[in-house]
Amino acid sequence: MPGSGTTAAGLRAGVPTLSLWSLSDQKIWANQVQRLKVGLARHFPSATQDSLVTDLRQILSPEYAIRARAIAARMTKPAESVATTANLLEKFAA
Numbered sequence: 011m012p013g014s015g016t017t018a019a020g021l022r023a024g025v026p027t028l029s030l031w032s033l034s035d036q037k038i039w040a041n042q043v044q045r046l047k048v049g050l051a052r053h054f055p056s057a058t059q060d061s062l063v064t065d066l067r068q069i070l071s072p073e074y075a076i077r078a079r080a081i082a083a084r085m086t087k088p089a090e091s092v093a094t095t096a097n098l099l100e101k102f103a104a
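With the working numbering applied, the sequence shown covers 11 to 104.
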């Protein structure tokens, strides 16, 4: 299910994603995946075998893979995020 951490991991991996959401916060992240054109979003209860096959065929097309790799290349690495956060906290505490 597409929470913030799972979505970030998928984006960093640079692979297209099929986000099957069931909770309202998951819908937010699933919609962002679709907005970025790195995957598709579908409400889990509405998924059928046919819809899943169709969605997977679509996201396995080259344009989704190219876009997913491009987004991954632009993302901040986790270690950099941690270092930046630590620096900001130290500045705030000083």
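The beta-carbon is built from N, C-alpha and C at its ideal position, and this holds for glycine as well.
Identity of the residue in 57, 43, 85, 74 nearest residue 32 by Cα: Residue numbering aside, residue 32 sits at position 22 when the sequence shown is read from its first letter. The option with the nearest alpha carbon to residue 32 is 57.
Classify residue 108 as helix, strand or coil using the three-state DSSP reduction. Residue 108 lies beyond the residue range present for the chain, which begins at 11 and ends at 104; the question has no answer from this structure.
Using 10 angstroms around the beta-carbon of residue 15, count the other beta-carbons present and answer buried if the total reaches 16, otherwise exposed. For this step, residue 15 is matched to residue 5 along the sequence shown. Exposed.
My output table needs one value for residue 19: the three-state DSSP class, helix, strand or coil. If you number the sequence shown from 1, residue 19 lands on position 9. Of the three classes helix, strand and coil, the one that applies to residue 19 here is helix, per DSSP.
Other residues of its chain near residue 78: CB distance less than 6 Å, five sequence neighbours each side excluded: In the sequence shown, residue 78 corresponds to position 68, counting from 1. Once the five neighbours on either side are set aside, the close Cβ partners of residue 78 are 24, 25, 26, 48.
Does the separation of the CB atoms of residue 28 and residue 65 fall below 8 Å? As a working mapping, residue 28 is identified with position 18 in the sequence shown. As a working mapping, residue 65 is identified with position 55 in the sequence shown. In this structure, residue 65 lies closer than 8 Å to residue 28 by Cβ.
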